[in-house]
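Visitor:
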Amino acid sequence: MKGEPTQVLVQRLCAGDEREGYAALKELLARSRAGRDVYSHWEELAALLTSPSSYRRTRGALLLLQNARWAAPEVLARWTPQLLALLQEEVRATALRQYLRAWEGAVGDVPALAVPFCRALEGLDLDRYGESMAPLLRRDRARLLRALQGGGGRNG
Numbered sequence: 029m030k031g032e033p034t035q036v037l038v039q040r041l042c043a044g045d046e047r048e049g050y051a052a053l054k055e056l057l058a059r060s061r062a063g064r065d066v067y068s069h070w071e072e073l074a075a076l077l078t079s080p081s082s083y084r085r086t087r088g089a090l091l092l093l094q095n096a097r098w099a100a101p102e103v104l105a106r107w108t109p110q111l112l113a114l115l116q117e118e119v120r121a122t123a124l125r126q127y128l129r130a131w132e133g134a135v136g137d138v139p140a141l142a143v144p145f146c147r148a149l150e151g152l153d154l155d156r157y158g159e160s161m162a163p164l165l166r167r168d169r170a171r172l173l174r175a176l177q178g179g180g181g182r183n184g
């Protein structure tokens, strides 16, 4: 998938074959770290946030958060509420942990996202994840809040 155009990879995010979609996600995340090529597909990625498939919503959210550094403030203002809502709506603990890591990276790149993210973190009901995952998620949340409130980002 490395040689494929970004547009083709974005289309593959919604492929019927989940392995193909996941491979496209991995390549798009790598491209997102390397430059702004994926950002030009922001609206297509944002459309995934309303997908009935939690896998597609997760892929869209992870890519949007990875590309937040390139977004204009008004673009972020438009999509931040929906991205934050996914934190509350996610039923899979593993996906929530992915969101938390992605948000941590986005806040490191765009410190203005720290305040709304901290508010959302503080309001998360983690008890719904049961006795096995809730303690782990609480530790994740406590670590993130300490890091973000103590220094305002990834390097803080």
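Note that our numbering has the sequence shown beginning at 29, numbered continuously upward. Ideal Cβ placement from N, Cα and C applies to all residues, glycine included.
1) Can at least three beta-carbon pairs, one atom from the region 108-120 and one from the region 160-168, be found at a separation below 8 Å?
2) Please go through the region 76-101 and give each complete alpha helix (DSSP H) segment of 4 or more residues, from N-terminal end onward.
3) Whose C-beta lies closer than 8 Å to the C-beta of Thr34 among residues of the same chain, with five residues either side of it excluded?
4) From Leu154 to Cys146, what distance separates their C-alpha atoms?
5) Can you have a look at Asp45 and say buried or exposed, based on whether 16 or more other CB atoms are within 10 angstroms of its CB?
6) According to the Cβ coordinates, are Gln94 and Gly133 closer than 8 Å?
Guide: Reading off the structure:
1) The region 108-120 vs the region 160-168: no contact.
2) Entirely contained in the region 76-101, the alpha helix (DSSP H) runs reaching 4 residues are, in chain order, 82-94.
3) If we look at Thr34 and ignore the five residues flanking it on each side, its Cβ neighbours are Leu56, Arg59, Asp65, Val66, Ser68 and His69.
4) Using only the alpha carbons, I get a separation of about 15 Å.
5) Classification for Asp45: exposed.
6) Cβ atoms of Gln94 and Gly133: closer than 8 Å.
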